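Per the numbering used here, the very first residue in the sequence shown carries number 1; after that it's consecutive.
Using N, Cα and C, we set each Cβ at its ideal position, and we do this for glycine too.
Computed from a predicted structure; not experimentally measured.
The next block holds one structure in the form of structure tokens; read it before the comments.
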Amino acid sequence: MADNLTNTAENLSLDWINGVGTPTRPTTPLKVALVTANGSDTAAGTEVTGGSYARQNLSVAAAVSGATSNSADLVWTGMPAATVVGVEVWDSAGTPVRLWYGSLSASRTVAAGDELQLTAGSLTLSLA
Numbered sequence: 001m002a003d004n005l006t007n008t009a010e011n012l013s014l015d016w017i018n019g020v021g022t023p024t025r026p027t028t029p030l031k032v033a034l035v036t037a038n039g040s041d042t043a044a045g046t047e048v049t050g051g052s053y054a055r056q057n058l059s060v061a062a063a064v065s066g067a068t069s070n071s072a073d074l075v076w077t078g079m080p081a082a083t084v085v086g087v088e089v090w091d092s093a094g095t096p097v098r099l100w101y102g103s104l105s106a107s108r109t110v111a112a113g114d115e116l117q118l119t120a121g122s123l124t125l126s127l128a
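What follows is the structure, encoded as structure tokens:
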């Protein structure tokens, strides 16, 4: 699902692997944002706003074979009316840094007050 690293995350990963500089580790907890228009490597998507919407904390297990996924359900309650097309993963820095982005396998339309849930294991993060 969130199968694309942002340019920022790509650079941090490469710098860490190559022992270049002192890449800053993302500030935890990582947060999952819902978007109504997907972003790109360099630009954030259009994040859901309104209702009781708020980014949700992301819990993951250690990676296996270059991938990991959410280890707990992600639940947004009191959603505004929206069509959600993707997700983004941000850190919790004072000025948050966007790290991952990707489309949902199918968009989800919610009415005002609805709940949107991504079950444990359904949000996969991978390096390929």
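Next item on the list: Flag V20 as yes if its beta-carbon sits less than 8 Å from any beta-carbon of chain C, otherwise no.
Entry: Of the chains in the structure shown, none is chain C; there is only one protein chain.
Next item on the list: Using the Cα positions of G86 and R108, report the straight-line distance between them to the nearest angstrom.
Entry: About 9 Å.
Next item on the list: Could you check if Q56 is buried or exposed, using at least 16 other CB atoms within 10 Å of its CB as the buried criterion?
Entry: buried
Margin query: Using only the alpha-carbon positions, how far apart do L116 and L123 sit?
Written below: 13 Å
Next item on the list: Pick helix, strand or coil for N18, following the three-state DSSP scheme.
Entry: coil
Check: What residues match up with S103 in a beta bridge as DSSP calls it?
Finding: Residue pairing by DSSP places S103 opposite G86 in a beta bridge.
Checklist line | Collapsed DSSP secondary structure at A37 in the structure displayed | finding: The DSSP-derived three-state label of A37 is strand.
Checklist line | Nearest-angstrom Cβ-Cβ length linking P29 and S92, presumed shorter than 8 Å | finding: 6 Å
Next item on the list: Measure from the alpha carbon of N7 to the alpha carbon of each residue in L34, V32, G78 and A44, then state which is nearest.
Entry: A44
Check: Where do the N-terminal and C-terminal ends of the beta strand (DSSP E) with A67 fall, by residue?
Finding: In the DSSP assignment, A67 falls within the beta strand (DSSP E) that extends over A67 to S69.
Next item on the list: Mind checking which residues open and close the beta strand (DSSP E) that includes S126?
Entry: T124 to S126
Check: Which word fits A82, buried or exposed, when buried means at least 16 other C-beta atoms lie within 10 angstroms of its C-beta?
Finding: The residue in question, A82, is buried, as its Cβ has 16 or more Cβ neighbours within 10 Å.
Note to self: Please report the straight-line C-alpha distance between V75 and P96, rounded to a whole angstrom.
What the structure shows: When rounded, the distance between both Cα atoms is 21 Å.
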